[in-house]
Amino acid sequence: MRKRNYIIFVLGICFLATTENSHAQFLKKLKKKTEAELLQKTEEVAGKVLGDDKKNEQKENTKSEPKDSTQSSSKGEGPITVQDPGILTYDSPNPLFRDISVQHYKGIPRFGSCDFYFKSPNRPDGSPEGKAKRKLMEAGYTGFMQLVQINLLNDLFKSIDKEALTPRPKTLNEEEIKSHKAQQMLANFVFAVGSESLQQQYFCNPEENSGNCRVVNTWGGFRADDFTENEKYVDFVDKHLDPILEWSKSFFSDGTQTVYLVWQLKDLGTYDFERNGFWISLPHKIRNGRGFDYNSTRESYFFTFLPKTDYGQQVLSKTNQVEYIKGKVLFKIEPDKAEKLINDRYKDLQIVSKVKIVFEGLEEANRFSFTPTYSYHFQDPIVEIFEDIQLTQKLGSLDMRQLVYKEN
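With UniProt numbering applied, the sequence shown corresponds to residues 1 to 408, in that order.
Right, here's the structure in full:
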């Protein structure tokens with residue numbers, strides 16, 4: 001009897017020990033699972049804001065996202081992701097380069113006046129998300145225009161020296177000038193669009209005291225000797241030049257690009273009670289400053305208005321006449337709505353037109369500068385007017401086929 005009780009006692013202890021051990025293992029597994037899920041969720045949130053983590057992007061693409069959609073352009077522009085709200089992303093073909101993100105309207109790139117994510121008219125959004133979006137747009141528009149240049153000036157890369165850096169030419173040697181220019185464009189692109197790890201690999205400037213790496217726009221860093229500088233350049237060209245040239249073909253693929261051109265309507269003028277409306281400037285007569293456009297107009301895309309339609313030609317002919325040179329047309333609006341606009345000191349009116357940018361060739365005045373020139377024309381006769389920078393509160397529209405012009 002005593003022996004049997006002893007056996008039962010020993011078995012009971014073993015059972016408790018086993019149960020306790022299993023319970024501990026279960027808790028340990030649960031903890032690991034929870035930590036993994038929390039880490040995954042954190043990475044996904046960061047990835048959505050910064051768009052710089054390719055692994056997170058691949059995870060997101062496997063899920064059903066009702067707010068996002070992926071398009072394939074008929075021009076062969078590759079995967080394009082339309083994100084909510086208002087961000088269009090050209091997916092990078094290589095995780096070593098950041099995606100190109102710009103703002104959009106109706107799924108088409110938006111240029112000119114852009115959303116700088118202000119919480120109020122005079123106060124920018126200082127949250128981490130707001131700052132991250134502004135940084136994303138600054139890099140995105142820069143990368144977009146650099147890829148455009150690389151594609152349109154592809155002829156320069158046929159002359160690029162892949163074995164050594166070309167010094168600034170001291171003579172008018174066309175091949176050397178082309179090579180030097182192409183190498184400059186390549187370095188600027190990598191410095192702007194390359195991932196942090198890629199920049200540290202090729203542009204690291206070690207600090208003397210701390211040993212930390214500071215990224216600078218020079219192959220191998222400021223302290224690199226000629227051998228190191230050339231070594232970094234040659235290694236990069238060997239591994240990455242061809243994929244960059246291929247990626248650039250997605251931008252202005254046929255020498256044109258359709259965009260929505262947005263300008264801020266700063267001055268409504270005096271309400272015309274006889275005509276029931278304001279006299280406002282047509283889009284091709286407006287020039288905003290570059291303060292709030294992420295430099296999206298610095299490439300002179302919108303300096304030369306060259307219409308391709310009957311209504312566009314009519315607009316140009318009319319506004320070239322001395323008495324209509326200011327390009328003022330009637331925007332009809334009811335008096336009660338007009339009064340609200342006049343009294344709203346925070347109004348931020350935007351005029352939106354769909355245009356096509358056309359690459360016209362290189363500037364002829366200084367052919368060794370290799371400066372692209374462009375023209376643009378309207379693609380839609382309807383011009384929309386909004387009350388907000390986000391283009392969500394439509395105020396009205398103009399039809400360029402039925403305009404009423406004002407004499408100066």
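Positions of the beta carbon are idealized from the N, C-alpha and C atoms, including for glycine.
Self-check item: Simplified DSSP assignment, three categories, for residue 256
Solution: Numbered from its first residue, the sequence shown carries residue 256 at position 256. Strand.
Self-check item: Best match in 87, 299 and 286 for proximity to residue 147 [C-alpha to C-alpha]
Solution: If you number the sequence shown from 1, residue 147 lands on position 147. Among 87, 299 and 286, the Cα nearest to that of residue 147 is on 299.
Quiz prompt | Where the alpha helix (DSSP H) containing residue 231 begins and where it ends | solution = Taking the first residue of the sequence shown as position 1, residue 231 is located at position 231. That run of the alpha helix (DSSP H) goes 226–248.
Quiz item: Would you report the Cα separation of residue 294 and residue 125, rounded to the nearest angstrom?
Solution: Your numbering for residue 294 matches position 294 in the sequence shown. Your numbering for residue 125 matches position 125 in the sequence shown. Spanning the two alpha carbons is a distance of roughly 16 Å.
Quiz item: Which residue or residues does DSSP assign as beta-bridge partners of residue 205?
Solution: Reading the sequence shown from its first residue, position 205 is the one you call residue 205. Paired residue(s): 214.
Practice problem: State the start and end residues of the unbroken beta strand (DSSP E) segment that holds residue 116. | Solution: Position 116 of the sequence shown holds residue 116. That residue, residue 116, is in no beta strand (DSSP E); it is neither H nor E in DSSP.
Exercise. Return helix, strand or coil for residue 404, following the three-state DSSP convention.
Key: The count along the sequence shown starts at 1 and reaches residue 404 at position 404. Looking at residue 404 - three-state DSSP - the assignment turns out to be coil, as it is neither helix nor strand.
Practice problem: Look at residue 196 and residue 215 and say whether their C-beta atoms are less than 9 Å apart. | Solution: Residue numbering aside, residue 196 sits at position 196 when the sequence shown is read from its first letter. Residue numbering aside, residue 215 sits at position 215 when the sequence shown is read from its first letter. Closer than 9 Å, so yes.
Practice problem: Compare the C-alpha of residue 239 against each of 396, 389, 94 and 402 and name the closest. | Solution: Here residue 239 refers to the residue found at position 239 of the sequence shown. Residue 94 is the option with its Cα nearest to residue 239.
Practice problem: Say whether the region 337–355 touches the region 373–385, bearing in mind that this needs 3 or more beta-carbon pairs closer than 8 Å, one atom from each stretch. | Solution: yes
Exercise. Spatial neighbours of residue 404 within its chain, please: CB distance less than 8 Å, with the 5 preceding and 5 following residues excluded, ordered by chain position.
Key: Position 404 of the sequence shown, counted from the first residue, corresponds to residue 404. 275, 329 and 330.
Quiz item: In its own chain, which residues sit with a C-beta less than 8 Å from the C-beta of residue 335, not counting the 5 before and 5 after it?
Solution: For the purposes of this step, residue 335 is identified with residue 335 of the sequence shown, where counting begins at 1. Closer than 8 Å at the Cβ level, and outside the excluded window around residue 335, lie 271, 273 and 276.
Quiz item: On the three-state DSSP scale, how would you describe residue 97?
Solution: Here the question's residue 97 lines up with position 97 in the sequence shown. If DSSP states are grouped into helix, strand and coil, residue 97 belongs with the strands.
Self-check item: Nonlocal neighbours in the same chain, by C-beta distance under 6 Å from residue 304, ignoring five residues either side
Solution: For the purposes of this step, residue 304 is taken as residue 304 along the sequence shown, with counting starting at 1. 375.
Quiz item: Taking one C-beta from the region 221–237 and one from the region 126–135 each time, how about it: are there three or more such pairs within less than 8 Å?
Solution: no
Quiz item: Count the other CB atoms within 10 Å of the CB of residue 232; is the residue buried (16 or more) or exposed (fewer)?
Solution: On the sequence shown, residue 232 is found 232 positions in, with the first residue counted as 1. Classification of residue 232: buried, given that the 10 Å Cβ count is 16 or more.
Quiz prompt | Which listed residue (85, 86 and 92) has its alpha carbon closest to that of residue 246 | solution = For the purposes of this step, residue 246 is taken as residue 246 along the sequence shown, with counting starting at 1. Measuring from the Cα of residue 246, the nearest candidate turns out to be 92.
Practice problem: Provide the residue span of the beta strand (DSSP E) that contains residue 352, from first to last. | Solution: Here residue 352 corresponds to residue number 352 of the sequence shown, with the count starting at 1. That run of the beta strand (DSSP E) goes 350–362.
Practice problem: Just confirm the distance between the C-beta atoms of residue 177 and residue 368, as a whole number of angstroms; I'd bet it's less than 8 Å. | Solution: Translated into the one-based positions of the sequence shown, residue 177 becomes position 177. Translated into the one-based positions of the sequence shown, residue 368 becomes position 368. That pair is a contact at about 5 Å.
Exercise. Go ahead and label residue 149 buried or exposed: buried means 16 or more other beta carbons lie within 10 angstroms of its beta carbon, across all protein chains shown.
Key: One-based indexing of the sequence shown puts residue 149 at position 149. Label assigned to residue 149: buried.
Exercise. Enumerate in chain order the residues of its own chain whose CB-to-CB distance from residue 166 is below 7 Å, with the five nearest sequence positions on each side excluded.
Key: As a working mapping, residue 166 is identified with position 166 in the sequence shown. Here the set comprises 176, 179, 180 and 183.
Quiz item: Relative to the alpha-carbon of residue 258, which residue among 128, 127, 402 and 301 has its alpha-carbon at the smallest distance?
Solution: Start at 1 with the first residue of the sequence shown, and residue 258 comes out as number 258. Comparing Cα positions, the closest option is 301.
Practice problem: State the start and end residues of the unbroken beta strand (DSSP E) segment that holds residue 160. | Solution: The residue given as residue 160 occupies position 160 in the sequence shown. Neither: residue 160 is in no beta strand (DSSP E) and is coded neither H nor E.
Exercise. Pick helix, strand or coil for residue 396, following the three-state DSSP scheme.
Key: The count along the sequence shown starts at 1 and reaches residue 396 at position 396. In this structure, residue 396 counts as strand in the three-state DSSP scheme.
Quiz item: Whose C-alpha, out of 350, 244 and 241, is nearest the C-alpha of residue 445?
Solution: Examination of residue 445 is not possible in this model, given that the chain is present from 1 through 408 alone.
Self-check item: Cα-Cα separation between residue 398 and residue 386, rounded to whole angstroms
Solution: Locating residue 398 in the sequence shown gives position 398, where the first residue counts as 1. Locating residue 386 in the sequence shown gives position 386, where the first residue counts as 1. When rounded, the distance between both Cα atoms is 12 Å.
Exercise. Return the chain-ordered list of same chain residues with a C-beta closer than 6 Å to the C-beta of residue 311, the five sequence neighbours on each side being excluded.
Key: Residue 311 sits at position 311 when you count from the first residue of the sequence shown. Same-chain partners within the cutoff: 381, 400 and 401.
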